[in-house]
Every structure is written in C-alpha cells, then in structure tokens.
Amino acid sequence: CTFAAGMMTFLKYLLQLVVSPGQGWRDIARTAGDNSRKLAFSGLFPWLVVVGLSSFVRLLYVHDEGVADALLAGIINFGKFSVAYFMAPLIINSMILQATDAYISEDRLHILTACAIGLLAAIALLENCLPVSMTMLHFLPFFVGIVIWKGTEYLGVPSKDVGAFMILALLAIIAPPYVIGWLLGLIL
Numbered sequence: 015c016t017f018a019a020g021m022m023t024f025l026k027y028l029l030q031l032v033v034s035p036g037q038g039w040r041d042i043a044r045t046a047g048d049n050s051r052k053l054a055f056s057g058l059f060p061w062l063v064v065v066g067l068s069s070f071v072r073l074l075y076v077h078d079e080g081v082a083d084a085l086l087a088g089i090i091n092f093g094k095f096s097v098a099y100f101m102a103p104l105i106i107n108s109m110i111l112q113a114t115d116a117y118i119s120e121d122r123l124h125i126l127t128a129c130a131i132g133l134l135a136a137i138a139l140l141e142n143c144l145p146v147s148m149t150m151l152h153f154l155p156f157f158v159g160i161v162i163w164k165g166t167e168y169l170g171v172p173s174k175d176v177g178a179f180m181i182l183a184l185l186a187i188i189a190p191p192y193v194i195g196w197l198l199g200l201i202l
C-alpha cells in the first residue's frame with residue numbers, strides 16, 4: 015500500500031509542476047521533506063517501469079514492430095532515464111562551484127532531478143501511446159526546462175547565478191536521456 019501511495023504522491027508532484035511550476039515547487043518544499051531516496055524508489059522508478067511498459071502500446075498501431083522490438087524500446091526508455099537520474103546530480107555537484115556560490119542541498123537536487131526526469135518520462139509515455147508522431151511533443155522538453163528554472167528558488171540558487179545554473183542543469187538533466195537513448199539506439 016505504501017508503494018502505491020509513494021507513486022501516487024510522485025505523480026501528484028508531477029501534475030502540480032505541469033499545472034503551475036512555481037506553486038508546485040512550493041508545495042514540494044512543504045510536503046516532500048528531504049527524503050530524495052524515498053521519492054526516487056517509491057515514485058520515480060515505478061513510474062519509469064510504467065513508461066517502459068508503455069512501449070508495448072505501440073504494438074497496437076505499428077504493424078512492422080514485434081514484441082522483441084517493444085521490449086527493447088521499453089528497456090531503453092527505462093535505462094536512459096534511470097542512468098540520467100544518477101548522472102545529473104553527479105555532473106551538477108562536480109561543476110556547481112563554477113556556476114554558483116550557493117550551497118545546494120543534495121536531497122533537494124535529487125528531488126528536482128527526479129521530478130524533471132519524471133516529466134521527461136511522461137513525454138516518452140505520450141510518444142509511446144500516440145499512434146502518430148506529433149511535432150509538439152518534441153518541444154515539451156523546453157517546458158521541463160521552465161520547470162527546472164522555477165525550481166531554482168526551491169534549490170536556493172541566488173538570482174545572479176540562475177543563468178549559469180540553468181545552462182548546467184539543462185546539460186546535466188535534459189540532454190543525457192536523449193543522448194543515452196540515441197547511443198543505445200545505435201548499439202541495439
């Protein structure tokens with residue numbers, strides 16, 4: 015029961031961030047605490063499993079794909095977002111002193127990363143479930159960038175350092191899933 019509650023809480027956070035990113039981060043700051051591990055393992059990773067499984071929906075409308083192709087696409091989706099979740103805080107922490115003077119809580123950075131990765135995964139879920147490729151979906155990662163920008167207050171990034179932090183965050187959080195997915199697509 016706590017497993018389902020953790021995932022529902024995570025999905026509630028994602029919905030709040032979509033509806034109103036600024037208010038969503040204030041709500042997360044008030045309710046999530048600093049337990050990023052719990053949020054990741056009871057919310058993000060089950061969500062990534064759902065996104066991975068959504069690759070099988072394509073079998074309903076893409077007739078030249080088989081079960082093995084759908085399984086491989088699901089594994090790639092799960093893998094690229096999981097690796098990105100672990101990579102992003104490492105990249106940001108290793109370069110943060112060059113971008114800002116602020117102290118950024120490790121747990122809050124992991125929560126921001128989990129929510130951003132969760133939103134990117136939601137875009138992948140939409141892509142898997144829609145029978146046609148919609149150009150609009152390719153622009154949704156820019157919205158995730160706006161969500162991250164609104165999260166700079168949650169992290170305590172000083173306003174003078176927001177630009178530098180955003181460049182770092184976009185390169186560390188948004189770019190890796192797409193680069194990893196592209197590389198895995200080449201290999202497999």
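In the working numbering, each number is its position in the sequence shown, counted from 1, plus 14.
Note that CB positions come from ideal geometry on N, CA and C, so glycine has one too.
Owing to the predicted nature of the structure, the values given are computational and were not obtained by experimental measurement.
#1: Please work out which residues of its chain come closer than 6 Å, Cβ to Cβ, to V97, disregarding the five sequence neighbours upstream and downstream, and give them in chain order.
#2: Per DSSP, what kind of secondary structure is E79 in: helix, strand or coil?
#3: With 16 other CB atoms within 10 Å as the buried threshold, where does N49 fall?
#4: Please report the straight-line C-alpha distance between D41 and L144, rounded to a whole angstrom.
#5: What's the gap between the Cα of Y27 and the Cα of G199?
#6: What is the residue span of the alpha helix (DSSP H) that Y168 lies within?
#7: Just how far apart, CA to CA, sit V32 and V161?
#8: Using a Cβ-Cβ cutoff of less than 6 Å, which residues in the same chain neighbour A87 once the five nearest sequence positions on both sides are dropped?
Let me spell this out:
#1: Only I194 meet the Cβ criterion.
#2: E79: coil per DSSP, three-state reduction.
#3: Counting the other CB atoms within 10 Å of its CB gives N49 a total below 16, which places it among the exposed residues.
#4: Annotation: D41 to L144 spans about 31 Å, alpha carbon to alpha carbon.
#5: Their Cα atoms are separated by approximately 31 Å.
#6: T166 to L169 is the span of the alpha helix (DSSP H), which, as asked, contains Y168.
#7: In a straight line, the C-alpha of V32 is about 8 Å away from that of V161.
#8: Residues of the same chain with a CB within less than 6 Å of the CB of A87, apart from the 5 flanking positions on each side, are S69 in chain order.
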